[in-house]
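Here the protein sequences line up with chains U and X, keeping their order.
End of the first sequence = 201 in our numbering, gap-free, step of one.
End of the second sequence = 201 in our numbering, gap-free, step of one.
Protein chains: 2
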Amino acid sequence: MAEDFADRHVARWRDHWIDIDFDDEIEAATVRLMHLDRYLTRVTRAAVRQVGLQDYEYETLHRLMIRDTPGRASPGALAESLGVSAAGMTGRIDSLERAGHVKRTPSETDRRRVDVEATQAGVTVWRQAMALRGEAEVALMSRLTRGELATFNRLLKKLALYAEEAAADQAR
Amino acid sequence: MAEDFADRHVARWRDHWIDIDFDDEIEAATVRLMHLDRYLTRVTRAAVRQVGLQDYEYETLHRLMIRDTPGRASPGALAESLGVSAAGMTGRIDSLERAGHVKRTPSETDRRRVDVEATQAGVTVWRQAMALRGEAEVALMSRLTRGELATFNRLLKKLALYAEEAAADQAR
DNA sequence: GGAGAGTACTTAGGTGGCGAACTATTCGTC
DNA sequence: GACGAATAGTTCGCCACCTAAGTACTCTCC
Numbered sequence: 030m031a032e033d034f035a036d037r038h039v040a041r042w043r044d045h046w047i048d049i050d051f052d053d054e055i056e057a058a059t060v061r062l063m064h065l066d067r068y069l070t071r072v073t074r075a076a077v078r079q080v081g082l083q084d085y086e087y088e089t090l091h092r093l094m095i096r097d098t099p100g101r102a103s104p105g106a107l108a109e110s111l112g113v114s115a116a117g118m119t120g121r122i123d124s125l126e127r128a129g130h131v132k133r134t135p136s137e138t139d140r141r142r143v144d145v146e147a148t149q150a151g152v153t154v155w156r157q158a159m160a161l162r163g164e165a166e167v168a169l170m171s172r173l174t175r176g177e178l179a180t181f182n183r184l185l186k187k188l189a190l191y192a193e194e195a196a197a198d199q200a201r
Numbered sequence: 030m031a032e033d034f035a036d037r038h039v040a041r042w043r044d045h046w047i048d049i050d051f052d053d054e055i056e057a058a059t060v061r062l063m064h065l066d067r068y069l070t071r072v073t074r075a076a077v078r079q080v081g082l083q084d085y086e087y088e089t090l091h092r093l094m095i096r097d098t099p100g101r102a103s104p105g106a107l108a109e110s111l112g113v114s115a116a117g118m119t120g121r122i123d124s125l126e127r128a129g130h131v132k133r134t135p136s137e138t139d140r141r142r143v144d145v146e147a148t149q150a151g152v153t154v155w156r157q158a159m160a161l162r163g164e165a166e167v168a169l170m171s172r173l174t175r176g177e178l179a180t181f182n183r184l185l186k187k188l189a190l191y192a193e194e195a196a197a198d199q200a201r
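Shown next, in the form of structure tokens:
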């Protein structure tokens with residue numbers, strides 16, 4: 030197989046870490062993982078632009094839709110799951126509301142609360158972006174055979190479980 | 030194996046994509062990949078804070094160090110490889126220069142150019158952050174056996190090669 | 001049942017980053 | 001060898017996001 034970015038990176042850097050434990054395989058895996066994420070981010074951005082959304086608008090709409098209560102959430106919960114501050118969330122919702130992709134409804138049971146709900150227009154534009162994005166993901170992942178993809182997922186899951194655990198520990 | 034975030038995500042969403050091709054394995058792999066990247070980003074941020082750097086300062090210093098001409102680059106090249114605008118780069122270098130981690134030297138051959146060079150202090154602080162970050166990466170990747178890690182890398186590389194190619198095509 | 005702690009969201013003020021215009025220099029070509 | 005195009009970097013105005021403070025409620029418990 031040809032050299033990729035990570036191979037070149039590791040070859041260049043093996044010598045610079047005489048004093049710190051530097052593991053070629055681990056470094057290469059990390060670099061590739063981050064590289065792939067960047068690629069997916071770029072692809073998503075392209076899809077999002079095509080349907081006329083800002084990145085942050087799509088991201089917010091997306092998180093709103095993939096909840097267990099799809100299309101409906103409190104600003105706080107949304108902010109939390111997006112890793113954005115509550116103040117930042119207010120701004121995002123303002124923008125989405127102005128564009129008509131989302132609407133605020135005051136809660137009736139608790140007057141401090143607000144419900145954010147995706148409008149029909151919001152759902153439509155989100156699904157358009159998702160479809161475009163999905164195509165690019167399929168194109169990428171199709172480089173693996175079904176068997177390889179299954180293996181890949183099994184290994185990713187082992188790592189993901191650890192990451193979830195570690196993140197939960199840290200939050201404690 | 031226990032359920033992870035991606036399993037729950039896919040289970041929840043299988044029903045919502047009756048009209049668009051939705052592949053469980055591909056979706057799970059994508060979600061896990063992005064999740065892991067987030068984890069690595071968070072871990073890096075923690076390491077960076079410990080040595081008293083801002084995220085963007087570390088990132089810049091890091092990119093400066095992992096070039097083929099380590100510790101030395103033009104602002105333009107740096108901006109390009111960081112995916113940051115030239116204007117943004119000016120700001121980052123200003124900040125790093127003020128902190129004494131980097132210094133600007135006008136080029137002698139081409140008077141439009143400037144060289145950015147890491148100072149001794151900059152290299153030291155970067156290496157401290159790297160060491161901390163490396164520990165976390167090893168902890169994560171150690172969840173895989175050596176054999177699994179090799180397989181993981183082989184699959185990642187297939188995807189990475191495609192991503193590089195696709196990105197190059199798009200730039201054309 | 002009312003004071004104080006806690007919660008949900010918004011407003012205010014400051015910062016990094018972006019696109020576009022600007023400055024200074026070099027290259028290409030006639 | 002001189003003029004226009006290209007290139008490197010910086011400055012400027014704007015925008016999203018952050019932290020901290022503010023507003024408006026609800027909950028706890030004496």
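The C-beta atom is built at its ideal place from N, Cα and C for all residues, glycine as well.
query, result
"Quick check on the DSSP output: the alpha helix (DSSP H) that includes residue 142 of chain U runs from which residue to which?", "Careful: residue 142 of chain U lies outside any alpha helix (DSSP H) and carries neither H nor E."
"Tell me which residue opens and which closes the beta strand (DSSP E) that residue 135 of chain U is part of.", "131-135"
"My output table needs one value for residue 31 of chain X: the three-state DSSP class, helix, strand or coil.", "coil"
"To the nearest angstrom, report how far apart residue 119 of chain X and residue 141 of chain U are at their CA atoms.", "44 Å"
"Alpha carbon to alpha carbon, how far is residue 34 of chain U from residue 139 of chain X? Give it in angstroms, no decimals.", "30 Å"
"Quick check: is the beta carbon of residue 88 of chain U nearer than 8 Å to any beta carbon in chain X?", "no"
"Counting along the chain, where does the alpha helix (DSSP H) carrying residue 123 of chain X start and finish?", "115-128"
"Please list the segments of the beta strand (DSSP E) lying wholly inside the region 46-121 of chain U, counting only runs of 3 or more residues, in order along the chain.", "none"
"CB residue 105 of chain X to CB residue 115 of chain X, shorter than 8 Å?", "yes"
"Report yes if the C-beta distance between residue 123 of chain U and residue 134 of chain U is below 8 Å; otherwise report no.", "no"
"Leaving out five residues on either side along the sequence, give the residues of the same chain with a beta carbon under 6 Å from the beta carbon of residue 179 of chain U.", "none"
"Can you check whether the CB of residue 50 of chain U is closer than 8 Å to the CB of residue 43 of chain U?", "no"
"Quick one, are the C-beta atoms of residue 83 of chain X and residue 161 of chain X less than 8 Å apart?", "no"
"Would the region 185-193 of chain X count as touching the region 53-69 of chain U if we require 3 or more Cβ pairs under 8 Å?", "yes"
"For the region 147-169 of chain X, which residues have a beta carbon sitting closer than 8 Å to at least one beta carbon of chain U?", "156, 159, 160, 163, 166, 167, 168 and 169"
"I'd like to know whether the C-beta atoms of residue 39 of chain X and residue 58 of chain X end up nearer to each other than 8 Å.", "no"
"Using the beta-carbon count (16 or more within 10 Å), is residue 30 of chain X buried or exposed?", "exposed"
"With 8 Å set as the bound, which would you pick, yes or no: does the beta-carbon of residue 109 of chain U sit closer than that to a beta-carbon of chain X?", "no"
"One question on the structure: do residue 89 of chain X and residue 62 of chain X come within less than 8 Å of each other, judged by their Cβ atoms?", "no"
"Would you verify that the beta carbon of residue 55 of chain U is, or is not, closer than 8 Å to some beta carbon of chain X?", "yes"
"So what does residue 195 of chain U bridge to, in DSSP terms?", "Beta-bridge pairing links residue 195 of chain U to no other residue."
"Taking the alpha carbon of residue 131 of chain U as the point to measure from, which residue in U:149, U:198 and U:117 has its own alpha carbon closest?", "U:149"
"List the DSSP bridge partners of residue 40 of chain X.", "Answer by DSSP bridge pairing: none, since residue 40 of chain X is not bridged."
"Given a limit of 7 Å on CB to CB distance, which residues of the region 32-43 of chain X reach chain U?", "33, 34, 35, 38, 41 and 42"
"Closest to residue 166 of chain X by CA distance: which of X:85, X:75 and X:37 is it?", "X:75"
"Between residue 187 of chain U and residue 184 of chain X, which are expected to be in contact by the criterion C-beta below 8 Å, what is the C-beta distance as a whole number of angstroms?", "Not confirmed; about 13 Å, so no contact."
"Taking the alpha carbon of residue 85 of chain U as the point to measure from, which residue in U:117, U:102 and U:163 has its own alpha carbon closest?", "U:117"
"Buried or exposed: where does residue 198 of chain X fall if 16 or more other Cβ atoms within 10 Å of its Cβ makes it buried?", "exposed"
"Ends of the alpha helix (DSSP H) at residue 172 of chain U?", "First-last for residue 172 of chain U: undefined, no H or E at that position."
"Show which residues of chain X have a CB atom less than 8 Å away from the CB atom of residue 128 of chain U.", "Result: empty, since nearest Cβ-Cβ is about 22 Å, beyond 8 Å."
"Between residue 73 of chain U and the rest of its own chain, which residues show a CB-CB distance below 7 Å, the 5 nearest in sequence each way excluded?", "162"
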